[in-house]
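Notes follow the structure.
Residue numbers (the UniProt record's numbering): 1 to 617.
Put into structure tokens, the structure is as follows:
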């Protein structure tokens, strides 16, 4: 049963709590299955949020999250709960549901001993339900199956309970039925969390070891680090050291999130909380690093996390070149808050200096772009993706090409492109659609295994260039969201690639060049010339827009000249007067064309180079 009042519930918050009284758990589910709503009811029920301060999706702090109705960042919060007169501290982490933010879920699972697997009683088990469940099982977490939205008329709790039970190998009666909207069944769920999820198993004595599982930048206080203490104890005003970056700092403040930051004097083994050291340099803090005492240090770091694998790459450039330092600083701060963001410097002939960034998906790319514009007030351009090639010239010289402008002129002996070993998990109904997509993307089938009668695992070797654009998106749309993709870099393979150049008025424009497969060169050239014809404003003379491979033109469009009506004042008289004026104009146009330069407006560069640019697929 809940303890009587908010004041009593807050009384167990300060100070280090005994490990046997702590329960660390997270809520995992498919997108839109009601995680944040269930978290709201838990906050209300435990009394740490006053009724007058309560709002829907309380833990979704960002404007983008509230506007889109999705969770982007995991949020940790400490809840007090009493069972049979004993007070417990429940550390809950509300996680995102969208596949693009699965790295957030992965880090959250490492900070917990148990997980509440939430399934919508109207929709049943979906793709991300399985993906998150397998992730939790890999971390050896105790799983508590819960059916949500049982208050809806379309709910089928008995049928869905059987599905979940067969998946977990438990009895259907063990699936708890709750309603995040009305609060029905939530007290029983909290009791069950206390009863079933094991207490943290870390050592209370000995050197302190704490895992950094998240961090955020505060403009006034510097880097705020979220940690799970595994062994020992961290106390305020003590000196700590980060084991990977080898930096030492004094702990100015530490505490728990309940649900606002609440300072405490110490964090003991098994607890989840935050640390503030006053550090303003974001490079000194890294997610997955181990924090230990500066005097009594641990000798062995905690395992940390696997590096995320970007699914989509894109170049991000500031609209104004002078904003480059601001963009670099903004990306450093975002990297602190979102460890799955990968970036490195890059330059473009047309757009100047920027960064080549790796994202976990197209929604992730969209969210990062929006956060850069909103939180850091930057105007940016995101370009179409590319990968790194290894080129061997006829003279035997080896070059690394990261940008089409670096592609060598003259004869080329071989071009090597990076490949990936892709594993696709999907329902067996979609095998045909998946194989068709992989064949279109130059994939080579390596094998196929049926895990069950309904679920199949397909192995392909694919060129990286073919999957870093919209492959993941296409896979999801062709399988109604049920397929999941994982890949490892498999090395490289020789490939028949060509550089397609775009010429305006017979002058090459490096910014529009691209490296594509020989079979797709014509379609890329054709689409790009058509696109530029509509984007570039008409000039006083005719402009040919051409796509070329080497010296061979493969596509052409013509931007017609703006014609001045020179005959407007020439009325009456012999036709030779009109012909004379037209011939004179024709000579002038010819001379203008020979010396004229085409002015390409910034908007045309932006529109042609953005992620929506043709990819030749």
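Using N, Cα and C, we set each Cβ at its ideal position, and we do this for glycine too. No experiment lies behind these values; they were computed from the predicted model shown.
Output yes or no for whether 8 Å exceeds the beta carbon distance between residue 136 and residue 109.
Within the chain shown, residue 136 is the residue found at index 136, counting from 1. Within the chain shown, residue 109 is the residue found at index 109, counting from 1. Yes, the Cβ-Cβ distance between residue 136 and residue 109 is below 8 Å.
Could you give the DSSP three-state label for residue 26: helix, strand or coil?
Here residue 26 corresponds to residue number 26 of the chain shown, with the count starting at 1. The answer is strand: DSSP assigns residue 26 an E or B state.
CB contact check: residue 28 to chain D, cutoff 8 Å
Among the protein chains of the structure shown there is no chain D, as only one such chain exists.
On a CA-only basis, which of 551, 555 and 122 is nearest residue 533? Give me that one, please.
As a position in the chain shown, residue 533 is number 533, starting the count at 1. Distances from the CA of residue 533 to each of 551, 555 and 122 were compared; the closest alpha carbon is that of 555.
Tell me which residue opens and which closes the beta strand (DSSP E) that residue 401 is part of.
Residue 401 sits at position 401 when you count from the first residue of the chain shown. Here the beta strand (DSSP E) through residue 401 covers 398-401.
Own chain residues within Cβ distance below 6 Å of residue 121, not counting five before or after
The count along the chain shown starts at 1 and reaches residue 121 at position 121. So the qualifying residues of the chain are 147, 149, 150, 155, 157 and 160.
How big is the Cα-Cα spacing for residue 398 and residue 389?
If you number the chain shown from 1, residue 398 lands on position 398. If you number the chain shown from 1, residue 389 lands on position 389. Counting only the Cα atoms, residue 389 lies some 11 Å from residue 398.
Where the beta strand (DSSP E) through residue 479 begins and ends:
For the purposes of this step, residue 479 is identified with residue 479 of the chain shown, where counting begins at 1. Element bounds for residue 479: n/a, residue is neither H nor E.
In the DSSP output, what is residue 448 paired with across the bridge?
On the chain shown, residue 448 is found 448 positions in, with the first residue counted as 1. Looking at the DSSP assignment, residue 448 forms a beta bridge with 458.
What do you get for residue 35, buried or exposed, if any count of 16 or more other CB atoms within 10 angstroms of its CB means buried?
By one-based count along the chain shown, residue 35 stands at place 35. When all chains shown are included, residue 35 counts as buried.
State buried or exposed for residue 319, treating a residue as buried only when at least 16 other CB atoms are found within 10 Å of its CB.
Sequence index remark: in the chain shown, residue 319 carries index 319 (1-based). Exposed, because fewer than 16 other Cβ atoms sit within 10 Å of the Cβ of residue 319.
I need the DSSP call for residue 107, collapsed to helix, strand or coil.
Start at 1 with the first residue of the chain shown, and residue 107 comes out as number 107. Three-state result, residue 107: helix.
Less than 8 Å between the beta carbons of residue 490 and residue 421, yes or no?
Indexing the chain shown from 1 puts residue 490 at position 490. Indexing the chain shown from 1 puts residue 421 at position 421. Contact flag set, yes.
Quick check: the Cα distance between residue 393 and residue 401, rounded to an integer number of angstroms?
Here residue 393 refers to the residue found at position 393 of the chain shown. Here residue 401 refers to the residue found at position 401 of the chain shown. In this structure, the straight-line span from the alpha carbon of residue 393 to that of residue 401 is close to 12 Å.
Which two residues bound the contiguous beta strand (DSSP E) that contains residue 239?
Working through the chain shown from its first residue, we reach residue 239 at position 239. Segment 239-242, the beta strand (DSSP E) holding residue 239.
Just the Cα atoms here: how many angstroms apart are residue 436 and residue 444?
Residue mapping note: residue 436 aligns to position 436 of the chain shown, counting from 1. Residue mapping note: residue 444 aligns to position 444 of the chain shown, counting from 1. Between residue 436 and residue 444, the C-alpha separation is close to 11 Å.
Tell me where the alpha helix (DSSP H) around residue 530 begins and ends.
As a first step, residue 530 is located in the chain shown; it is residue number 530 there, counting from the start. Residue 530 -> alpha helix (DSSP H) spans 521-535.
Under the rule that 16 or more other beta-carbon atoms within 10 Å means buried, what is residue 321, buried or exposed?
Translated into the one-based positions of the chain shown, residue 321 becomes position 321. So residue 321 counts as exposed.
Mind checking whether residue 113 and residue 200 have CB atoms under 8 Å apart?
As a working mapping, residue 113 is identified with position 113 in the chain shown. As a working mapping, residue 200 is identified with position 200 in the chain shown. Closer than 8 Å, so yes.
So what's residue 364 in DSSP terms, helix, strand or just coil?
Within the chain shown, residue 364 is the residue found at index 364, counting from 1. Residue 364 falls in the helix class under three-state DSSP.
Within 10 Å of its beta-carbon, does residue 529 have 16 or more other beta-carbons around it, so buried, or fewer, so exposed?
Here residue 529 corresponds to residue number 529 of the chain shown, with the count starting at 1. By the 10 Å Cβ count, residue 529 comes out buried.
Since residue 289 and residue 212 should fall inside the 8 Å C-beta cutoff, what is the C-beta to C-beta distance between them, to a whole number of angstroms?
As a working mapping, residue 289 is identified with position 289 in the chain shown. As a working mapping, residue 212 is identified with position 212 in the chain shown. The Cβ separation is near 5 Å, so the contact holds.
Going by DSSP, what residue range makes up the beta strand (DSSP E) through residue 221?
Within the chain shown, the letter at position 221 stands for residue 221. No beta strand (DSSP E) holds residue 221; DSSP gives it neither H nor E.
Every unbroken alpha helix (DSSP H) within the stretch 171-258, with a cutoff of 4 residues, ordered by chain:
186-196
Does the stretch 454-466 come into contact with the stretch 401-410, if we say contact requires no fewer than three beta-carbon pairs (one atom in each stretch) closer than 8 Å?
The stretch 454-466 is not in contact with the stretch 401-410.
Cut-off 7 Å between Cβ atoms - residues of its own chain near residue 433, not counting five sequence neighbours on either side
In the chain shown, counting from the first residue as 1, residue 433 sits at position 433. So the list reads 478 and 479, once near-sequence residues are dropped.
Following the continuous beta strand (DSSP E) through residue 41, name the residue where it begins and the one where it ends.
For the purposes of this step, residue 41 is identified with residue 41 of the chain shown, where counting begins at 1. Per DSSP, residue 41 belongs to no beta strand (DSSP E); it is in the alpha helix (DSSP H), 35-45.
Can you give me the Cβ contacts of residue 476 inside the same chain, cut-off strictly under 7 Å, excluding the 5 residues immediately before and after it?
Against the chain shown, residue 476 aligns to sequence position 476. Excluding residues within five positions, the ones whose Cβ falls inside 7 Å are 483.
Work out the CA separation of residue 29 and residue 249 for me, nearest whole Å.
Indexing the chain shown from 1 puts residue 249 at position 249. Indexing the chain shown from 1 puts residue 29 at position 29. Residue 249 and residue 29: Cα-Cα distance of roughly 38 Å.
Closest by C-alpha distance to residue 90, when choosing among 578, 272 and 300
Within the chain shown, residue 90 is the residue found at index 90, counting from 1. If we check each option's Cα against that of residue 90, 272 comes out closest.
Decide if residue 395 is buried, meaning its Cβ has at least 16 other Cβ atoms within 10 Å, or exposed.
Your numbering for residue 395 matches position 395 in the chain shown. Exposed: under 16 other Cβ atoms inside 10 Å.
Near residue 19, what residues of its chain come up, given a Cβ to Cβ distance below 6 Å and the 5 sequence neighbours on each side ignored?
The sequence position of residue 19 within the chain shown is 19, counting from 1. Cβ within range, chain order: 199, 200, 269 and 270.
May I ask you to report which of helix, strand or coil DSSP gives residue 1?
The count along the chain shown starts at 1 and reaches residue 1 at position 1. Confidence in residue 1 is poor, its pLDDT being 38 and thus under 50, which makes the residue's placement unreliable; the coordinate value appears in the next sentence. Three-state DSSP puts residue 1 in coil, outside helix and strand.
When you compare the CB positions of residue 417 and residue 463, do they come within less than 8 Å of one another, or not?
Stepping through the chain shown from its first residue, residue 417 is reached at position 417. Stepping through the chain shown from its first residue, residue 463 is reached at position 463. Yes; because the gap between Cβ atoms is below 8 Å, this pair is in contact.
In this structure, how does DSSP classify residue 484 when only helix, strand and coil are distinguished?
Numbered from 1 along the chain shown, position 484 holds the residue referred to as residue 484. In the structure shown, residue 484 sits in a strand (DSSP, three-state: E or B).
Would you call the stretch 224-231 and the stretch 340-357 touching, i.e. three or more CB-CB distances under 8 Å?
no
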